Amino acid sequence: MQKRLRKLLLMDEHVCPWWLAYSFDNRLRLLFHNPEKLFGGYVKPGDTVIDIGSGMGFFSIAMARMVGEAGNVIAVDIQSKMLSVLRERAEKQGVEPRIRLHQCRENSLGLTEPVDFALAFWMVHEVPDPENLMRSVRSILKPGALFFYAEPRIHVSRSRFEHNVETAQSAGLKPVSRPPVSLSRAVVFKP
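Numbering-wise, the working numbering puts 332 at position 163 of the sequence shown, and it's gapless, one number per residue.
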């Protein structure tokens with residue numbers, strides 16, 4: 170029974186299939202994860218932000234509005250289909266010029282551009298080498314920048330989450346807060 174439940178919840182999969190993203194990347198999610206409420210205190214007009222594991226753009230599009238015309242969002246995902254849907258959604262919302270799509274590799278972000286804010290929301294558990302990811306994030310954070318890390322409670326155990334927090338600290342990131350996020354565990358780090 171436990172094996173069937175793990176399989177049903179895709180707990181042993183590394184990457185969320187693109188088609189499953191439609192189940193949580195929709196307007197109903199605003200009730201639980203309103204980007205302005207979650208990131209409004211961190212993301213400012215003119216900022217350069219990175220959305221790691223952007224999926225279909227739920228947070229990328231909202232942050233593109235938050236950074237305004239002078240800012241930009243780097244939307245990073247490993248799946249080309251996710252980025253394709255994100256592009257279409259960004260065009261419909263009129264923020265496509267502010268979003269740069271970047272397809273990463275399994276073990277590399279492939280970016281060196283400094284950012285003011287980094288987001289990894291519900292995705293670190295999909296990465297085969299979280300330590301490498303945390304080092305990569307640390308390397309692109311500007312002085313004073315912040316990194317917001319969140320994982321789903323149903324999919325990532327407290328011990329696994331705390332292990333990733335320790336991994337981030339080993340990579341040179343310092344926890345500054347643990348904001349309450351519905352259905353999630355979260356930590357905000359600074360370099």
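The beta carbon of each residue, even a glycine, is placed where N, CA and C say it ideally should be.
All values reported here derive from a predicted model rather than from experimental measurement.
Going straight from the alpha carbon of Arg269 to that of Ile323, what length do you get?
Here residue 269 is taken as the residue at index 100 of the sequence shown, counted from 1. Here residue 323 is taken as the residue at index 154 of the sequence shown, counted from 1. So the alpha carbons of these two residues sit roughly 31 angstroms apart.
Could you say which of Ile230, Phe290, Ser223, Val356 lies nearest to Arg258 if we only look at CA atoms?
Mapped onto the sequence shown, residue 258 falls at position 89. The shortest Cα separation from Arg258 among Ile230, Phe290, Ser223, Val356 belongs to Ile230.
Please determine, among Arg307, Leu310, Phe228, the residue with the shortest C-alpha to C-alpha distance to Gly209.
One-based indexing of the sequence shown puts residue 209 at position 40. It is Phe228 whose Cα lies nearest to the Cα of Gly209.
With DSSP run on the structure shown, which of helix, strand or coil describes Val356?
In the sequence shown, counting from the first residue as 1, residue 356 sits at position 187. Of the three classes helix, strand and coil, the one that applies to Val356 here is strand, per DSSP.
Got a sec? Which residues, its chain only, sit under 8 angstroms from Gly215 by beta carbon, not counting five neighbours each side?
Start at 1 with the first residue of the sequence shown, and residue 215 comes out as number 46. So the qualifying residues of the chain are Val236, Gly237, Ala239, Gly240.
Grab the span of the beta strand (DSSP E) containing Phe286 for me, first residue to last.
Position 117 of the sequence shown holds residue 286. Note, Phe286: beta strand (DSSP E), 284-290.
At which residues does the alpha helix (DSSP H) containing Val334 begin and terminate?
Position 165 of the sequence shown, counted from the first residue, corresponds to residue 334. Per DSSP, Val334 belongs to the alpha helix (DSSP H) from 327-339.
What number of angstroms, rounded off, separates the C-alpha of Ser353 from the C-alpha of Pro266?
By one-based count along the sequence shown, residue 353 stands at place 184. By one-based count along the sequence shown, residue 266 stands at place 97. So the alpha carbons of these two residues sit roughly 31 angstroms apart.
Going by DSSP, what residue range makes up the beta strand (DSSP E) through Glu151?
With the chain represented from 170 up to 360, any question about residue 151 goes unanswered, as that position is not in the structure.
Between which residues of its own chain and Val345 is the CB-CB distance below 8 angstroms, once the five residues before and five after are set aside?
Here residue 345 is taken as the residue at index 176 of the sequence shown, counted from 1. Taken in chain order, the residues that qualify are Leu315, Val357, Phe358, Lys359.
Quick one: grab the DSSP three-state call for Leu177.
For the purposes of this step, residue 177 is identified with residue 8 of the sequence shown, where counting begins at 1. Its pLDDT being 47, under 50, Leu177 is placed unreliably in this model, and the value from its coordinates should be taken loosely. If DSSP states are grouped into helix, strand and coil, Leu177 belongs with the helices.
Go to Pro344, then tell me how far its alpha helix (DSSP H) extends in each direction, as first and last residue.
Position 175 of the sequence shown, counted from the first residue, corresponds to residue 344. Note, Pro344: premise wrong, no alpha helix (DSSP H); beta strand (DSSP E) at 343-346.
List the whole-angstrom C-beta distance separating Ile309 from Pro283, where the pair is believed to meet the contact cut-off of C-beta under 8 angstroms.
Here residue 309 is taken as the residue at index 140 of the sequence shown, counted from 1. Here residue 283 is taken as the residue at index 114 of the sequence shown, counted from 1. Yes, they are in contact, since the Cβ atoms of Ile309 and Pro283 sit about 6 angstroms apart, within 8 angstroms.
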